[in-house]
Amino acid sequence: MRIGMFANTYVPIINGVVRSIMLYRQGLMDRSHFVGVFAPGERNYEDKDPFIFRYPSVPLPTQFKFSFPVVAAPYITWMLPRLKLDIIHAHHPVIVGVEAARFSEELDIPLVFTFHTMYHEYTHYFLGMDNEMVK
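All residue numbers for the sequence shown refer to our numbering, where the first residue is 26 and numbers rise by one.
#1: Take residue 80 as the anchor and find which of 127, 31, 118 and 108 has the nearest alpha-carbon.
#2: What residue range is occupied by the uninterrupted beta strand (DSSP E) comprising residue 84?
#3: Tell me, which residues are paired with residue 140 by DSSP?
#4: Span of the beta strand (DSSP E) holding residue 27?
#5: Over the uninterrupted beta strand (DSSP E) stretch that includes residue 115, give me the two end residues.
#6: Quick check on DSSP: helix, strand or coil for residue 40?
#7: Return the first residue and the last residue of the beta strand (DSSP E) that residue 94 is part of.
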């Protein structure tokens with residue numbers, strides 16, 4: 026099977042989502058599946074794996090060390106149909122996840138989604154709202 030995993034963060038950032046993606050990916054590749062990852066690039070980091078496809082990105086001025094992907098990426102739009110994916114797996118519901126859903130529809134490829142995060146638990150970092158207000 027040929028799988029495209031879409032995420033808003035990936036190595037060199039290490040967090041629970043990234044660890045899950047790495048484990049899913051390795052397990053699938055150990056079973057002879059192709060797994061490409063589509064994620065934002067990180068400043069001063071170069072992938073050794075040719076099947077990590079990076080979106081251009083802008084570093085975020087937050088306490089978290091990750092970048093905001095710029096999804097208007099002609100290279101990804103050009104590359105994706107050429108990979109002949111069988112399925113798209115989105116790991117976030119927004120930004121790159123929306124892009125995954127768009128590609129799924131345009132290319133008529135099934136889309137699956139893994140919900141890793143309780144987002145309402147993190148809104149105070151970005152929006153200044155408490156968790157109860159967001160729920």
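Glycine included, each C-beta is placed from N, C-alpha and C at the ideal position.
This is what the structure holds:
#1: 31
#2: 82 to 84
#3: Answer is none; residue 140 lacks a bridge partner.
#4: 27 to 31
#5: First-last of the beta strand (DSSP E) with residue 115: 112 to 115.
#6: coil
#7: 92 to 94
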